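Asker: Could you have a look at this structure, given as structure tokens, before my questions?
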Amino acid sequence: MENHNVAYCGLYCGACKSQLKGKCPGCYGNEKATWCEIRKCCNEHGYATCADCQLMPLKECKKYNNIIAKVIGFVSRTDRSKCIDRIKAIGVAEFAAEMKLAGRMTIKR
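Here the numbering used here is used: the first residue of the sequence shown is 932, the next is one more, and so on.
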């Protein structure tokens, strides 16, 4: 499955400073990220990202909207749900191209 450096939650890992420095393998390659419920869920269901999920609306998903994600989103001013909406609209590859061109990991709030 081609992920184009897009994490399961919708962030674009290709612009992440840790990944660019070789300190992080990105979401798909990070076998140590067993704590990530989003990653577990997407792997269990064979989803490339949460954009593929048909189980429930994203706003209702407790795995996607957990307290850790809310704190990280607030501190980093990220809006992963906007990223997921964009992926649904244009696809993973086009989203990755847009984010790469913009040099951003996420769509800002």
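In this text, a Cβ means the ideal position worked out from N, Cα and C, and glycines have one as well. Source: prediction; values computed, not measured.
Quick check: the segment 971-991 against the segment 937-948, are at least 3 beta-carbon pairs closer than 8 Å?
Answerer: yes
Asker: Keeping to the same chain, check which residues put their C-beta closer than 6 Å to that of Lys1031; ignore five residues upstream and five downstream.
Answerer: Counted from its first residue, the sequence shown places residue 1031 at position 100. Here the set comprises Gly945.
Asker: So what does Lys1039 bridge to, in DSSP terms?
Answerer: Stepping through the sequence shown from its first residue, residue 1039 is reached at position 108. DSSP output for Lys1039 lists Thr1009 as bridge partner(s).
Asker: Based on Cα-Cα distance, which residue from Ala1024, Ala1028, Cys1014 and Ala1020 lies nearest to Arg1040?
Answerer: Reading the sequence shown from its first residue, position 109 is the one you call residue 1040. Closest by alpha carbon: Cys1014.
Asker: Do Arg1011 and Gly1022 count as a contact pair if the criterion is CB distance below 8 Å?
Answerer: Here residue 1022 corresponds to residue number 91 of the sequence shown, with the count starting at 1. Here residue 1011 corresponds to residue number 80 of the sequence shown, with the count starting at 1. Against a cut-off of 8 Å, the Cβ pair of Arg1011 and Gly1022 comes out as no contact.
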